[in-house]
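With the numbering used here applied, the sequence shown corresponds to residues 76 to 293, in that order.
Note that CB positions come from ideal geometry on N, CA and C, so glycine has one too.
To keep things clear, I will list the structure first and then write my remarks on it.
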Amino acid sequence: MAMMKKIILPIILLVQFFGCVDIPTEGVTPPNYKVPIRFVNAYGSDVTIVIDNSTTYNISAMGSIDYNLVNAGSRTIDLYVNGDTIREVKALTVNEKGTMFIHSPNSEGRYFTFNKERNTYTLSLNDSLPQVRFINATDTTQLSVADTSSNIFSNKSFVTSSVVDYELMSSTYQENLYLKSGNTFVDTVSVNLQARKNYTLVSVKNGTATKLLQLTDD
Numbered sequence: 076m077a078m079m080k081k082i083i084l085p086i087i088l089l090v091q092f093f094g095c096v097d098i099p100t101e102g103v104t105p106p107n108y109k110v111p112i113r114f115v116n117a118y119g120s121d122v123t124i125v126i127d128n129s130t131t132y133n134i135s136a137m138g139s140i141d142y143n144l145v146n147a148g149s150r151t152i153d154l155y156v157n158g159d160t161i162r163e164v165k166a167l168t169v170n171e172k173g174t175m176f177i178h179s180p181n182s183e184g185r186y187f188t189f190n191k192e193r194n195t196y197t198l199s200l201n202d203s204l205p206q207v208r209f210i211n212a213t214d215t216t217q218l219s220v221a222d223t224s225s226n227i228f229s230n231k232s233f234v235t236s237s238v239v240d241y242e243l244m245s246s247t248y249q250e251n252l253y254l255k256s257g258n259t260f261v262d263t264v265s266v267n268l269q270a271r272k273n274y275t276l277v278s279v280k281n282g283t284a285t286k287l288l289q290l291t292d293d
């Protein structure tokens, strides 16, 4: 009987030990990280965008697609325009909300430029002014944006940078702004730039004409 107890006790202890071990029955699913991306077509023609051979956006000339959640990481983006197909790979980082501008090839031969954005108003609550940035997404060498008295943004080159910072305006604007190439007026647009908001002004192509768009970034 004593011998039987000696055999049974180790068996019980082994059962208890293995019963406490956490053995997963399936693999752990990794987080599905997303990035909010907006597309703006500055190319001058209607385009189709396909991300990773699955998600498709059709964007008219001067058009835009509001923010959509796209998988973070390395993304393959195909641009279909005027019978041509252009493929680029873009790295999208988690929590970097931004706009992907589609444009004529820049000095690096790129058709896409991704610009990060602020998604909150970053100044003191005592400030009652808008924050605005201007992006020249056309192949015109330099462009400016002016009000009735002076330039607000002067001689901005064709965008190649992923960071174009915002500037604090001296006032709110509910009036016409003017897109200029040198001293030549290219386009006029009625804007509504309100206090404590972020905006992007962007030059785009519509056929051969250059236009100015107002986008709200908040």
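Looking from the CA of Asn157, the closest CA among Leu290, Ile134, Phe233 belongs to Ile134.
Counting of Cβ neighbours within 10 angstroms places Leu254 among the buried residues, the total reaching 16 or more. When DSSP states are grouped into helix, strand and coil, Arg162 belongs to the strand group. Inclusion of Glu163 and Ile177 in the CB contact set at 8 Å is not warranted, their separation being larger than that value. In chain order, Asn190, Lys191 place their CB closer than 8 Å to the CB of Val238, counting only its own chain and leaving out the 5 sequence neighbours on each side. In this model, Gly173 and Thr263 are separated by some 26 Å (Cα to Cα). Taking a contact to require three or more Cβ pairs closer than 8 Å, the stretch 201 to 210 and the stretch 144 to 151 do not qualify as touching. Put simply, the backbone Cα of Leu276 is about 12 Å away from that of Asp240. Rounded to whole angstroms, the separation of the alpha carbons of Pro111 and Glu171 is 8 Å. Bounds of the beta strand (DSSP E) holding Phe187 are 187 to 191. Glu250 has its alpha-carbon roughly 14 Å from the corresponding atom of Met244. The alpha carbon of Ser278 has as its nearest neighbour, out of Leu252, Asp293, Asn267, the alpha carbon of Leu252.
Cβ-Cβ distances below 7 Å link Phe228 to Phe209, Ser219, Val220 in the same chain, with the five nearest sequence neighbours on each side left out; the list follows chain order. In the structure shown, Asp222 adopts coil according to DSSP, grouped into three states. Approximately 5 Å separates the beta-carbon atoms of Gln289 and Val266; this is inside 8 Å, confirming the contact.
Taking Arg271 as reference, the option from Thr123, Ile161, Asn116, Leu204 with the minimal CA-CA separation is Leu204. The bridge partners DSSP lists for Val207 are Glu242, Tyr274. By the neighbour-count definition (other C-beta atoms within 10 Å, threshold 16), Val169 is an exposed residue.
Rounded to whole angstroms, the gap between the alpha carbons of Tyr155 and Gln217 is 27 Å.
If you ignore the 5 residues before and after Ser232, its C-beta comes within less than 8 Å of the C-beta of Asn211, Thr216, Gln217, all in its own chain and listed in chain order. Setting aside the 5 residues that flank it on each side, Arg113 is surrounded in the same chain by Ser139, Ile140, Asp141, Tyr142, Asn143, Gly173, Thr174, Met175, Leu290, each with a C-beta closer than 8 Å to its C-beta; the list follows chain order.
Assignment of beta-bridge partners to Lys255 by DSSP yields Ser219, Phe260.
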